[in-house]
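**Q** This is the structure I want to talk about, given as structure tokens.
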Amino acid sequence: AFFVELAQPSKANLARAKKAAERKGESKPVPEEDPDTSNAPSAEDLANLMAFLDPDENGITKEELMAGFRDGRRARANAVVEAKGKRIMKAIVKKISDKGKSLSEWFDSVNTSRTLPGSEPVIDDRELKKGIKKLKIKMSAKNVYELLRFVDPDGDGDISKGEFQQAVDKLDKPSEMDEFAASAGGTVMQLEAHMKKNKIRMLDLFRQIDKDGSGDIDNKELKAGIEKVCVSVGPIENPKKKKAPSADEPPSSPRAKIEKAKVLDAALSVPPPVAAE
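Our numbering puts the first residue of the sequence shown at 1348, with every later residue one more than the last.
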């Protein structure tokens, strides 16, 4: 007797067999492959995502889902700006300390405009540039612009003493992007990839996950919906994980541009040149 080992049917053959069975009206089931669940998020990932999207712990509403995605996009957009601003600010703080002054004393010495009684002292970009020059720190116009974006987040052109202190306080804290990546970054990126791949809106995504149509997503619905989305999309690199672009990757690709920005950012890890005393 001869025994023939049959090869496992490919996905294409399974699909053709299924269509042929449907045309013939056959009731014989066509075998289907089990989905690859290796890309599904872990229990910790799901818990982090739930905490990120549902801070009040009463179910994720449409508004909370949209707010979570906005926070993630803002964090990614601000990542490079914040990193550059931090490095420049650290150089300034060190120089102020070397001069034997407190931050408050330096700020007051830079502030040449009149402060009304009961008002918070503020300096403008012109006064900031003069103050940096007095510290004998050489900075390019681009460096000053990057510093202003970090120190003056509302962009009104005036830097209050409170804003200046807040910028200093942020130097030793994780960045907004680090916090986002540690909490839910990878899973949120998978959801965005799912929406892009299927050309759906955020409202459509919400309805897909909100199976009972209650208007909010609970833990069970989130787990089922996210696992299905992540399995269909595949793995997405976590924002915190560094990966160099391949040699054949065009320099104009999005990831290559990000890596180029990181190289420029790293150049600021060394304090700007300081003129001799």
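We put the CB at the ideal spot given by N, CA and C, even for glycine. Computed from a predicted model, the values in this text were never measured in an experiment.
Tell me the rounded alpha-carbon separation between Ala-1414 and Arg-1434.
**A** The straight-line gap from Cα to Cα measures roughly 29 Å.
**Q** Following the continuous alpha helix (DSSP H) through Ser-1456, name the residue where it begins and the one where it ends.
**A** Its alpha helix (DSSP H) spans residues 1450–1457.
**Q** Could you give the residue range of the alpha helix (DSSP H) that holds Ile-1479?
**A** 1472–1481 is the extent of the alpha helix (DSSP H) around Ile-1479.
**Q** Could you tell me the boundaries of the beta strand (DSSP E) in which Ile-1439 lies?
**A** From DSSP, Ile-1439 is part of no beta strand (DSSP E) but of the alpha helix (DSSP H) over 1409–1445.
**Q** From Ser-1444, Glu-1568 and Lys-1544, pick the residue whose C-alpha is nearest to that of Arg-1554; which is it?
**A** Here the closest residue by C-alpha is Glu-1568.
**Q** Can you give the beta carbon distance from Pro-1468 to Lys-1508, rounded, assuming they're within the 8 Å contact cut?
**A** Yes, Pro-1468 and Lys-1508 are in contact; Cβ-Cβ is about 5 Å, under 8 Å.
**Q** Kindly identify the DSSP beta-bridge partner or partners of Ser-1522.
**A** Its beta-bridge partners do not exist; DSSP assigns none.
**Q** Just to confirm, is the Cβ distance from Ile-1407 to Leu-1400 under 7 Å?
**A** Going by C-beta atoms, Ile-1407 is nearer than 7 Å to Leu-1400.
**Q** Would you say Ile-1506 and Val-1515 are within 7 Å of each other, going by their C-beta atoms?
**A** The answer is no: Cβ separation not under 7 Å.
**Q** Suppose you measure from the CA of Glu-1526 to the CA of Asp-1418; what does that come to, to the nearest Å?
**A** When rounded, the distance between both Cα atoms is 11 Å.
**Q** Give a yes or no on whether the C-beta atoms belonging to Ile-1484 and Lys-1442 are separated by under 7 Å.
**A** Yes.
**Q** Keeping to the same chain, check which residues put their C-beta closer than 6 Å to that of Phe-1349; ignore five residues upstream and five downstream.
**A** Only weak support is given to the placement of Phe-1349: the predicted model assigns it a pLDDT of 43, under 50, and the value that follows is read from those uncertain coordinates. Nothing listed; no residue qualifies.
**Q** Quick one, are the C-beta atoms of Val-1457 and Gly-1432 less than 7 Å apart?
**A** Their beta carbons are not under 7 Å apart, which means Val-1457 does not touch Gly-1432 by this criterion.
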